[in-house]
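Novice: Protein chains in written order, with this note's numbering: chain A, 385 to 775; chain B, 385 to 775. Mind looking over this structure? Questions follow.
Number of protein chains: 2
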Amino acid sequence: MNNFEFYCPTRVYFGKDTHGRVGEIIKKYGFKKILLHYGGGSIRKNGIYDTVMKSLKDNGITVSELPGVKPNPELARVREGIELCRRENTELVLAVGGGSAIDSSKLIAAGTKNDCDPWDFFIGKALPEDALPVATILTLAAAGSETSASAVITNEELNLKRGYTSDFNRPLFSILNPELTYTVPKFHTACGIVDMMMHTLERYMTFKQEAELTDRIAESVLKCAIRAGKQAMIDPRDFEARATLMWTGSVSHNNLTGLGRDYYLVSHQLEHEMSGLKPEITHGAGLAVVFPAWAKYVYKTNIPRFCQYAVRVFNCEMDYANPERTALAGIEATAEFFKSIGMPSTLRECGLEEKHIEEMAVKCTNYGKRTLPGLIELGKDEIADIYRICL
Amino acid sequence: MNNFEFYCPTRVYFGKDTHGRVGEIIKKYGFKKILLHYGGGSIRKNGIYDTVMKSLKDNGITVSELPGVKPNPELARVREGIELCRRENTELVLAVGGGSAIDSSKLIAAGTKNDCDPWDFFIGKALPEDALPVATILTLAAAGSETSASAVITNEELNLKRGYTSDFNRPLFSILNPELTYTVPKFHTACGIVDMMMHTLERYMTFKQEAELTDRIAESVLKCAIRAGKQAMIDPRDFEARATLMWTGSVSHNNLTGLGRDYYLVSHQLEHEMSGLKPEITHGAGLAVVFPAWAKYVYKTNIPRFCQYAVRVFNCEMDYANPERTALAGIEATAEFFKSIGMPSTLRECGLEEKHIEEMAVKCTNYGKRTLPGLIELGKDEIADIYRICL
Numbered sequence: 385m386n387n388f389e390f391y392c393p394t395r396v397y398f399g400k401d402t403h404g405r406v407g408e409i410i411k412k413y414g415f416k417k418i419l420l421h422y423g424g425g426s427i428r429k430n431g432i433y434d435t436v437m438k439s440l441k442d443n444g445i446t447v448s449e450l451p452g453v454k455p456n457p458e459l460a461r462v463r464e465g466i467e468l469c470r471r472e473n474t475e476l477v478l479a480v481g482g483g484s485a486i487d488s489s490k491l492i493a494a495g496t497k498n499d500c501d502p503w504d505f506f507i508g509k510a511l512p513e514d515a516l517p518v519a520t521i522l523t524l525a526a527a528g529s530e531t532s533a534s535a536v537i538t539n540e541e542l543n544l545k546r547g548y549t550s551d552f553n554r555p556l557f558s559i560l561n562p563e564l565t566y567t568v569p570k571f572h573t574a575c576g577i578v579d580m581m582m583h584t585l586e587r588y589m590t591f592k593q594e595a596e597l598t599d600r601i602a603e604s605v606l607k608c609a610i611r612a613g614k615q616a617m618i619d620p621r622d623f624e625a626r627a628t629l630m631w632t633g634s635v636s637h638n639n640l641t642g643l644g645r646d647y648y649l650v651s652h653q654l655e656h657e658m659s660g661l662k663p664e665i666t667h668g669a670g671l672a673v674v675f676p677a678w679a680k681y682v683y684k685t686n687i688p689r690f691c692q693y694a695v696r697v698f699n700c701e702m703d704y705a706n707p708e709r710t711a712l713a714g715i716e717a718t719a720e721f722f723k724s725i726g727m728p729s730t731l732r733e734c735g736l737e738e739k740h741i742e743e744m745a746v747k748c749t750n751y752g753k754r755t756l757p758g759l760i761e762l763g764k765d766e767i768a769d770i771y772r773i774c775l
Numbered sequence: 385m386n387n388f389e390f391y392c393p394t395r396v397y398f399g400k401d402t403h404g405r406v407g408e409i410i411k412k413y414g415f416k417k418i419l420l421h422y423g424g425g426s427i428r429k430n431g432i433y434d435t436v437m438k439s440l441k442d443n444g445i446t447v448s449e450l451p452g453v454k455p456n457p458e459l460a461r462v463r464e465g466i467e468l469c470r471r472e473n474t475e476l477v478l479a480v481g482g483g484s485a486i487d488s489s490k491l492i493a494a495g496t497k498n499d500c501d502p503w504d505f506f507i508g509k510a511l512p513e514d515a516l517p518v519a520t521i522l523t524l525a526a527a528g529s530e531t532s533a534s535a536v537i538t539n540e541e542l543n544l545k546r547g548y549t550s551d552f553n554r555p556l557f558s559i560l561n562p563e564l565t566y567t568v569p570k571f572h573t574a575c576g577i578v579d580m581m582m583h584t585l586e587r588y589m590t591f592k593q594e595a596e597l598t599d600r601i602a603e604s605v606l607k608c609a610i611r612a613g614k615q616a617m618i619d620p621r622d623f624e625a626r627a628t629l630m631w632t633g634s635v636s637h638n639n640l641t642g643l644g645r646d647y648y649l650v651s652h653q654l655e656h657e658m659s660g661l662k663p664e665i666t667h668g669a670g671l672a673v674v675f676p677a678w679a680k681y682v683y684k685t686n687i688p689r690f691c692q693y694a695v696r697v698f699n700c701e702m703d704y705a706n707p708e709r710t711a712l713a714g715i716e717a718t719a720e721f722f723k724s725i726g727m728p729s730t731l732r733e734c735g736l737e738e739k740h741i742e743e744m745a746v747k748c749t750n751y752g753k754r755t756l757p758g759l760i761e762l763g764k765d766e767i768a769d770i771y772r773i774c775l
């Protein structure tokens, strides 16, 4: 096991009716002026907005609002939020939504307290030295951003999607009410399932094997996402399935599933170029396309690992005489599962073709300045090969 | 799944050589005056004391020392620590040791900042409203106190052992270096294995079943404790086994394995009376005696749960026609495992006899003022019945 640091200070309030307590919780922390940051009109339609606003008002919290977060949140909106927070002396940023609203909030919170341009955090030009506290009310089980240290954003001027990690990105508290996800459409539920699986799978598929508890927790997360995922597709109002998905999404990205290992989110990088080019590609859908292709490209470098995955997560029977068959069966089972919940399996289904591959591969190496580590080190040509597998 | 709150803010530094960084870490937090609290001479003999003192000195930290913590730490020593901290204007209490040193430190830290007698926390007369920060360097994988909110202490005047829970008990940071446990004798290694398994088992053996990820993480913890436990008994210097045990001990008691369930640490209460009466009984050894007896007494109230345990944790084959057999096989496998690592299986081996049972049962109900909840509600007579099963 490698040395590691584990830190996950976010206080989680999980369960029914918890979002109606947000005002009381913020008051207990002593904050009086907040920014409420959210997406489109859905939280207004389904009543979440009213419940939250009532709770905030009842507890004497002054609220500025910044709606309009899009999937793959954009820098322009972040800059607007930073100005607003500075003008209003905001003390806390409250995100209501999924990973997009939360990541955008994290960046507003850090940007408000640092003099640089927020994009500087993503290109390694600056690191936040302070930040406003962020709190979240989660409405989508997917990204795990509600307890994670990471934030991802799209620079719409450069068509680039990038992420960065900082302890300042860890929310102060997060409210997870599974009932708020009952109305998430099937497609987005499925994208969320892929997203949470991938956070764990990317940490799991490495060379370094000995991290036994990390492995078993990772396998637990994957099994739960698959079992509860299938159930939520059948009955979107199944509380236990939605609850399992919601908690699984958080655990999958709070780093419990990566401790003691070297890992690198390779498929995430491959996907970022897809949705960087076509922002309408949902993160989970893009990952569902690239992961099986990446796995087929690299699995021979670590057949025992892919066998363990196949056997422990998908209950494949071990073929002791031909382990490669078991390894492949696990990859196939993953691809089948993604398809079964309505995910695309090719670039073409995402509106991408052969002609886009070169550009994506070049950008993915940061114009030749980096290779992607992992089971096989990937340069531009290898990345292009993987994209071609999923054409 | 029940509503729950999850909060585990302790920053964990895990791995080789980490204890030599303690001074640098404390300095980064900005503390200058600390109390170093530890047990007997073992940390002096094995070099841990020197490494820690050097690191503290190199970083300009002023150190008061309070050695002499015993297993089942005592109130008198805690009161001494509180006086010392007040006199020296101590800013942080650093525990070096296992659960005893850590729990004693937690109580010193809280006692210093509150005017009441520290025993008041345990009898519900007062709750801490503030506390000094606590940090730990763990030398025994067992109690999980290094990330938990609980503290347990013995009142030697009353022959009573009691615990209490508070967020102020959560350490600021904990240093977990598995190498520091190489020299732990086999008996205490085994006690630690039982201890960590029991923290999870007590949360697992309940009525409320639906908390899928909690279940699977609990089963992961149990499997790791068993597998790595066996290995550490064979080779005490196996780094991976010691590392798995150390991290498993923390995860088993940071509440990840109890989220979304009603639970109550019944066997812990039964054991507290044993070591309350005979302080030489190690916590883990006492638990190894009472848990199988408790399980045999209650398993018929929830046969599916005991079957799931038997099948998933011990790989017992499910007897679909006679589930009771599978349930019992799991309990037997647990008892066998405890015996195989050198644990006692009867009260008599712990120096307790029929004549002690009445007193323990009476104290366990707090002199008739409470019953123990769980799969069967236990009054004095039921508690005595369970003690008799393990005579």
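Glycine included, each C-beta is placed from N, C-alpha and C at the ideal position.
Determine, for A672(B), whether the minimum Cβ-Cβ distance to residues of chain A falls below 8 Å.
Specialist: Residue numbering aside, residue 672(B) sits at position 288 when the second sequence is read from its first letter. It does not: the Cβ of A672(B) has no partner Cβ on chain A nearer than 8 Å.
Novice: From this set, Q653(B), D579(B) and T435(B), which residue's C-alpha is nearest K764(B)'s C-alpha?
Specialist: In the second sequence, residue 764(B) corresponds to position 380, counting from 1. The shortest C-alpha separation from K764(B) is found at Q653(B).
Novice: Using only the alpha-carbon positions, how far apart do A525(B) and V674(A) sit?
Specialist: Along the second sequence, one-based indexing puts residue 525(B) at 141. Along the first sequence, one-based indexing puts residue 674(A) at 290. Going from the Cα of A525(B) to the Cα of V674(A) covers about 41 Å.
Novice: Counting beta carbon pairs with one atom in the segment 386 to 397 of chain B and one in the segment 535 to 547 of chain B, are three or more of them shorter than 8 Å?
Specialist: no
Novice: Apart from the five residues on each side of it in sequence, which residues of its chain come closer than 7 Å, Cβ to Cβ, to L491(A)?
Specialist: Residue 491(A) sits at position 107 when you count from the first residue of the first sequence. Contacts found: V462, P502, A535 and I537.
Novice: Counting contacts by CB-CB distance shorter than 8 Å, is I776(A) in contact with chain B?
Specialist: It is not possible to answer for residue 776(A), since the shown part of chain A is limited to 385 through 775.
Novice: Do the CB positions of C608(B) and T590(B) come within less than 8 Å of each other?
Specialist: Translated into the one-based positions of the second sequence, residue 608(B) becomes position 224. Translated into the one-based positions of the second sequence, residue 590(B) becomes position 206. For C608(B) and T590(B), no; Cβs fall outside 8 Å.
Novice: Is T435(B) helix, strand or coil when you go by DSSP?
Specialist: Translated into positions along the second sequence, residue 435(B) becomes position 51. If DSSP states are grouped into helix, strand and coil, T435(B) belongs with the helices.
Novice: Give the interface partners of K400(A) over in chain B, defined as CB-CB distance under 8 Å, in chain order.
Specialist: Position 16 of the first sequence, counted from the start, is the residue given in the question as residue 400(A). Those are N387, listed as they occur along chain B.
Novice: Counting only the same chain and skipping the five closest in sequence on each side, list residues whose C-beta sits under 8 Å from that of T632(A).
Specialist: Translated into the one-based positions of the first sequence, residue 632(A) becomes position 248. If we look at T632(A) and ignore the five residues flanking it on each side, its Cβ neighbours are A525, M580, V605, C608, A609 and A612.
Novice: What are the start and end residues of the beta strand (DSSP E) that includes G547(B)?
Specialist: Here residue 547(B) refers to the residue found at position 163 of the second sequence. From DSSP, the beta strand (DSSP E) with G547(B) extends over L544 to T549.
Novice: If we cut at 8 Å on Cβ distances, does R611(B) have a partner in chain A?
Specialist: Indexing the second sequence from 1 puts residue 611(B) at position 227. With 8 Å as the cut-off, R611(B) counts as an interface residue toward chain A.
Novice: Mind reading off the beta-carbon distance from E624(A) to M385(B)? Whole number of angstroms is fine, and I expect it under 8 Å.
Specialist: For this step, residue 624(A) is matched to residue 240 along the first sequence. For this step, residue 385(B) is matched to residue 1 along the second sequence. So it is a contact: roughly 6 Å between Cβ atoms.
Novice: Which residues in chain B have a C-beta closer than 9 Å to the C-beta of Y588(A)? List them in chain order.
Specialist: Counted from its first residue, the first sequence places residue 588(A) at position 204. Ordered by position in chain B, no residue passes the 9 Å Cβ test against Y588(A), which lies about 13 Å from the chain.
Novice: Any idea which residues DSSP pairs I521(A) with across the strands?
Specialist: Walking along the first sequence from the start, residue 521(A) turns up at place 137. For I521(A), which the question treats as bridged, DSSP gives the partners V480(A) and I559(A).
Novice: So, helix, strand or coil for H572(A), using DSSP?
Specialist: Within the first sequence, the letter at position 188 stands for residue 572(A). Of the three classes helix, strand and coil, the one that applies to H572(A) here is helix, per DSSP.
Novice: Whole-angstrom Cβ separation of L516(A) and E475(A), contact assumed at under 8 Å?
Specialist: Mapped onto the first sequence, residue 516(A) falls at position 132. Mapped onto the first sequence, residue 475(A) falls at position 91. With 8 Å as the limit, L516(A) and E475(A) qualify as a contact, their Cβ atoms being about 7 Å apart.
Novice: P569(A) touches chain B at which residues, Cβ-Cβ below 9 Å?
Specialist: Numbered from 1 along the first sequence, position 185 holds the residue referred to as residue 569(A). Residues of chain B with a Cβ closer than 9 Å to the Cβ of P569(A) do not exist; the shortest Cβ-Cβ separation is about 23 Å.
Novice: State the Cα-Cα distance for the pair K497(B) and F552(B), rounded to the nearest angstrom.
Specialist: As a working mapping, residue 497(B) is identified with position 113 in the second sequence. As a working mapping, residue 552(B) is identified with position 168 in the second sequence. Rounded to whole angstroms, K497(B) to F552(B) spans 11 Å at the Cα level.
Novice: Would Y693(A) count as contacting chain B if we go by Cβ distances under 8 Å?
Specialist: Taking the first sequence and counting its residues from 1, the one referred to as residue 693(A) is at position 309. Cβ-Cβ to chain B under 8 Å: no for Y693(A).
Novice: Under 6 Å Cβ to Cβ from A494(A), same chain only, skipping five residues before and after it: list those, please.
Specialist: Walking along the first sequence from the start, residue 494(A) turns up at place 110. Cβ neighbours of A494(A) beyond the five flanking positions: P512, A515 and F552.
Novice: Going along chain A, which residues have a C-beta under 7 Å from P393(B)?
Specialist: Position 9 of the second sequence, counted from the first residue, corresponds to residue 393(B). Correct list: P393.
Novice: Just how far apart, CA to CA, sit I445(A) and T402(A)?
Specialist: For the purposes of this step, residue 445(A) is identified with residue 61 of the first sequence, where counting begins at 1. For the purposes of this step, residue 402(A) is identified with residue 18 of the first sequence, where counting begins at 1. Each residue's alpha carbon lies about 17 Å from the other.
Novice: Where does D499(A) land, buried or exposed, given buried means 16+ other C-beta within 10 angstroms?
Specialist: Numbered from its first residue, the first sequence carries residue 499(A) at position 115. With fewer than 16 Cβ atoms within 10 Å of its Cβ, D499(A) is classed as exposed.
Novice: Can you give me, in chain order, the residues of the segment 605 to 629 of chain B that have a beta carbon less than 8 Å from any beta carbon in chain A?
Specialist: Listed by position, the residues of the segment 605 to 629 of chain B near chain A (Cβ gap below 8 Å) are V605, K607, C608, R611, A612, F623, E624, A627 and T628.
Novice: Would F698(B) and A679(B) qualify as a contact pair, given that the criterion is a beta-carbon distance under 8 Å?
Specialist: For the purposes of this step, residue 698(B) is taken as the residue at position 314 of the second sequence. For the purposes of this step, residue 679(B) is taken as the residue at position 295 of the second sequence. Contact check for F698(B) against A679(B) fails: the beta carbons are separated by 8 Å or more.
Novice: What residue from P455(B), I486(B) and I559(B) has the CA that sits closest to R786(B)'s CA?
Specialist: Since the displayed chain B opens at 385 and closes at 775, residue 786(B) lies outside it and no answer follows.
Novice: Are the CB atoms of Y422(B) and P451(B) nearer to each other than 8 Å?
Specialist: Looking up residue 422(B) in the second sequence gives position 38. Looking up residue 451(B) in the second sequence gives position 67. For Y422(B) and P451(B), yes; Cβs fall inside 8 Å.
Novice: Counting only the same chain and skipping the five closest in sequence on each side, list residues whose C-beta sits under 6 Å from that of V356(A).
Specialist: As displayed, chain A neither begins before 385 nor continues past 775, which places residue 356(A) out of reach and without an answer.
Novice: Could you check what DSSP says for S529(A) in three-state terms: helix, strand or coil?
Specialist: The residue given as residue 529(A) occupies position 145 in the first sequence. The answer is coil: DSSP assigns S529(A) none of H, G, I, E or B.
Novice: Can you tell me which of V635(A), D434(A) and I618(A) puts its alpha carbon nearest to the alpha carbon of A527(A)?
Specialist: Residue 527(A) sits at position 143 when you count from the first residue of the first sequence. With distances taken between Cα atoms, A527(A) lies closest to V635(A).
Novice: Secondary structure at V453(A), three-state DSSP: helix, strand or coil?
Specialist: What you label residue 453(A) is simply residue 69 of the first sequence in a count that begins at 1. Note: V453(A) maps to coil in three-state DSSP.
Novice: Assuming K545(A) and H656(A) make a contact with CB atoms under 8 Å, what is their CB distance in whole Å?
Specialist: Taking the first residue of the first sequence as 1, we reach residue 545(A) at position 161. Taking the first residue of the first sequence as 1, we reach residue 656(A) at position 272. With a Cβ gap of about 4 Å, K545(A) and H656(A) count as contacting.
Novice: Mind checking which residues open and close the alpha helix (DSSP H) that includes R778(B)?
Specialist: Within the shown structure, residues of chain B are numbered from 385 to 775, placing residue 778(B) beyond reach of any answer.
Novice: Who are the neighbours of L564(A) on chain B, taking C-beta pairs under 9 Å?
Specialist: As a working mapping, residue 564(A) is identified with position 180 in the first sequence. Those within 9 Å of L564(A) in chain B number zero; the least Cβ separation is about 14 Å.
Novice: What residue does the alpha helix (DSSP H) around L597(A) start on, and which one ends it?
Specialist: The residue you call residue 597(A) lines up with position 213 of the first sequence. Its alpha helix (DSSP H) spans residues E596 to I618.
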